[in-house]
Amino acid sequence: MYGSSTDYTVVVKISALSLGFLEDFVCTTYFATALWTFDTLKQVALERLKTTSGMPLEIVGEIANFTVSWLLFIAMMAPFIADMVLVVYRDMRFSFSLLATLIREREHLKDAPISSDEVQAAYVTAASTTRFQLVRVAVVILSLVVLPAIAVVARSACSPLVAYTALNVTLNELLLHMFEPAPMEVKLANLIGDGPWVEKFIDKAEDHERFGDDTLYRRTTGFKGELAFNVTIDNDNPPNVLIIGVESFRYRDSRYLVGEEDPSNLFKGTNLTITPNFDRWARRGVAMRNIWSSIPTSRSLESLLFAQVPYHSNTQSGITGGRNETKLSGLPQLFSQKGYETFFTTGSSIKLDAWNVFLPTHGYDNVWNDKVMKWMAEEKFNISRDDWRGSEHRGLGWGVHDDVSFRLVGDLLLNKLKQQRKRMARGEPKKPMFVTHYTISSHEPYKSWPKWYQKSAKPDFSAMYEGEEHADRIERYMKVRYFTDMELGKFMDRMQKGGFLNDTIVVIVGDHGQAPEIDNYHLHEESVTRVPAAIIAEGRLGDAVGLVIDDAAEQIPAEWHWTLTQA
Numbered sequence: 043m044y045g046s047s048t049d050y051t052v053v054v055k056i057s058a059l060s061l062g063f064l065e066d067f068v069c070t071t072y073f074a075t076a077l078w079t080f081d082t083l084k085q086v087a088l089e090r091l092k093t094t095s096g097m098p099l100e101i102v103g104e105i106a107n108f109t110v111s112w113l114l115f116i117a118m119m120a121p122f123i124a125d126m127v128l129v130v131y132r133d134m135r136f137s138f139s140l141l142a143t144l145i146r147e148r149e150h151l152k153d154a155p156i157s158s159d160e161v162q163a164a165y166v167t168a169a170s171t172t173r174f175q176l177v178r179v180a181v182v183i184l185s186l187v188v189l190p191a192i193a194v195v196a197r198s199a200c201s202p203l204v205a206y207t208a209l210n211v212t213l214n215e216l217l218l219h220m221f222e223p224a225p226m227e228v229k230l231a232n233l234i235g236d237g238p239w240v241e242k243f244i245d246k247a248e249d250h251e252r253f254g255d256d257t258l259y260r261r262t263t264g265f266k267g268e269l270a271f272n273v274t275i276d277n278d279n280p281p282n283v284l285i286i287g288v289e290s291f292r293y294r295d296s297r298y299l300v301g302e303e304d305p306s307n308l309f310k311g312t313n314l315t316i317t318p319n320f321d322r323w324a325r326r327g328v329a330m331r332n333i334w335s336s337i338p339t340s341r342s343l344e345s346l347l348f349a350q351v352p353y354h355s356n357t358q359s360g361i362t363g364g365r366n367e368t369k370l371s372g373l374p375q376l377f378s379q380k381g382y383e384t385f386f387t388t389g390s391s392i393k394l395d396a397w398n399v400f401l402p403t404h405g406y407d408n409v410w411n412d413k414v415m416k417w418m419a420e421e422k423f424n425i426s427r428d429d430w431r432g433s434e435h436r437g438l439g440w441g442v443h444d445d446v447s448f449r450l451v452g453d454l455l456l457n458k459l460k461q462q463r464k465r466m467a468r469g470e471p472k473k474p475m476f477v478t479h480y481t482i483s484s485h486e487p488y489k490s491w492p493k494w495y496q497k498s499a500k501p502d503f504s505a506m507y508e509g510e511e512h513a514d515r516i517e518r519y520m521k522v523r524y525f526t527d528m529e530l531g532k533f534m535d536r537m538q539k540g541g542f543l544n545d546t547i548v549v550i551v552g553d554h555g556q557a558p559e560i561d562n563y564h565l566h567e568e569s570v571t572r573v574p575a576a577i578i579a580e581g582r583l584g585d586a587v588g589l590v591i592d593d594a595a596e597q598i599p600a601e602w603h604w605t606l607t608q609a
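Here the sequence shown stands for residues 43 to 609, where the numbers follow the numbering used here.
In structure tokens, the structure reads:
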């Protein structure tokens, strides 16, 4: 939270102090009430009982006092201890909103990616904190008991003159004035002439309307200047648009984007690539190696579909609770206004953060989740209910594996393509599709994949993890990343063979990344936030095919929204 000089007022100070006093008063009132209630009940119990288990009532009362006091102490300290652990190991703060989130999303807690390293680190932290607190207690005893006792003894041994003089001598004035910092006023310098200083951080090619002189919050209205590339569109035959969000897909997994030179030695001197199918299709389109996202997926969804700066909260996102009261417009609504049929599909559960409420109320006419896909797969592919979590491993804790979801989405797209061609043959409007599909198999902790894949031949990725501290985790990540990429390749090949890609613009992008190589794999900034992206538009890119763009942009940049919505 940041404030400006305009916030440094008496009203703000009084408001902060008053609110703090009120919060402390409420907490104190609850604890005092709890103690009073306990004491009242204890007195009633002691009056009725003379002895308990042969022990005197006084001893029983003291034991009860000690037990209840410790329970109240634990209740009071638990949030602070939790806050410390979260700050150190998850870069989060404990709050009642976090507690509410855990209760709200309790169905997903069993699949929460908490590694054994983090559990061990929590134990170590608790032990070291206990030792540290013992030292603090010793310091308190020394300061409040031992040193005062020494002072009293020394004062008694001194003459009255020395004792009286020492009582009135103080170093306050010396310390107050000699070490007081000089006042300093800091002002933002205007580096761009007469324009607001924030314009320095906005690309000159962007046309926009700012919502204030001291904020980057703005509405993008267009762009000017030379195009990096162009996607050819026929207004009489608008293309379908397909966005594929790949779970936990980071930039450094793509050898094509990293480059054969591999300057950071990410591939350990080998010629490996973890995502050969993404690389193959990215070469046939326009690839982007400097796209930045945010974690978790709910936050990246805001940017990907609505070009929003992610909601600033560790416990909520811009879609938490469904946000029915928020009139948020993005790609789904824009394509819907252009006559597109909108679909959101995923093999994952969408109860987390209330996606199941948000998506249908923010532009999507059709929403498929894991339950829909399980029902369809059982009907079409002869998959039994036991196969999802049984020995066949057709599903995982989050939902349906990517081989099943890609197959079902492929059926949908090819069937819709046939319907479009029939309508156009009759001279009717095409009714194109805007489809967003999210994968899920590569979700941490990377411990689940189908039985058939476990038995299949796979590349040897040992050079990527041998000798590493978290070799087992890295190996699992490589295995499941390759699985999702393989299914992506099968899907794209099928769409090409069925003629769907000749009539479609496809965007493939990582929703966010992960860093299985380190202890806290959510916090490594580049691995978590830098993601690969590619636009595949067969026959529409001209000479731009094979282009790799290095310009930095947030996922998804407003330019993409502008380009796609011009269809």
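For each residue, glycine too, the CB sits at the ideal point set by N, CA and C.
F385 sits in a strand when the DSSP states are folded into three classes. N411 sits in coil when the DSSP states are folded into three classes, being neither helix nor strand. DSSP, reduced to helix, strand and coil, places Y50 outside both helices and strands of the structure shown, so it counts as coil. In the structure shown, T172 adopts helical secondary structure according to DSSP, grouped into three states. Taking a C-beta distance under 9 Å as the contact criterion, D321 and Y298 qualify as a contact pair. Taken atom to atom, the span from the alpha-carbon of G264 to that of L589 is near 23 Å.
Under DSSP, V548 forms a beta bridge with L284, I578. Selection N398, L376, Y382, Q375 evaluated against R365 yields N398 as nearest (Cα-Cα). For S390, the three-state secondary structure derived from DSSP is strand. The C-alpha of L343 is placed about 26 Å away from the C-alpha of V240.
With contacts defined by Cβ atoms closer than 9 Å, T384 and S378 form a contacting pair. Residue state for R436 is assigned as coil, using DSSP reduced to three classes.
I56 and T48 have their alpha carbons spaced roughly 15 Å apart. Taking C-beta atoms as the reference points, T481 and E289 count as a pair closer than 9 Å.
Comparing C-alpha distances from F503 to each of L308, S170, I116, A163 shows the shortest one belongs to L308. Between L88 and T362, the alpha-carbon positions lie close to 50 Å from each other. Per DSSP, reduced to three states, the secondary structure at N424 is coil, with no helix or strand assignment. Taking the C-beta atoms as reference points, H485 is found no nearer than 9 Å to S335. Contact between K500 and S433 fails: their C-beta atoms lie close to 20 Å from each other, not under 8 Å. The DSSP-derived three-state label of D249 is strand. Within the same chain, A324, G327, A329, I550 come within 6 Å of A576 by CB-CB distance, once the 5 residues on both sides are set aside. 9 Å or more divides the Cβ of L346 from the Cβ of T387. Between the beta-carbon of R436 and that of V451 there is about 16 Å, and that puts the pair past the 8 Å contact cut.
Per DSSP, reduced to three states, the secondary structure at I333 is strand. Counting only runs of 4+ residues, the alpha helix (DSSP H) found wholly inside the region 311-379 occupies 318-324, 339-348, 373-379, in chain order. Within the same chain, and ignoring the five residues on either side of M537 in sequence, the residues whose Cβ sits closer than 6 Å to its Cβ are L543. V522 and S569 have their C-alpha atoms some 17 Å from each other.
From the listed residues K393, I101, S60, S111, the smallest Cα separation to T79 is found for S111. It is roughly 26 Å from the alpha-carbon of D255 to the alpha-carbon of D593.
In the DSSP annotation of this structure, the continuous segment of the beta strand (DSSP E) that includes F265 starts and ends at 260-265.
Per the DSSP secondary-structure output, T478 pairs in a beta bridge with I285, F386. Going by DSSP, D535 is part of the alpha helix (DSSP H) stretching over 513-539. Annotated as proximal: P338 and S359, with beta-carbon spacing under 9 Å. For I591, the pairing in a beta bridge is given by DSSP as M330. With fewer than 16 other Cβ atoms from the protein chains shown falling within 10 Å of its own Cβ, P471 counts as exposed. In the structure shown, V300 adopts helical secondary structure according to DSSP, grouped into three states.
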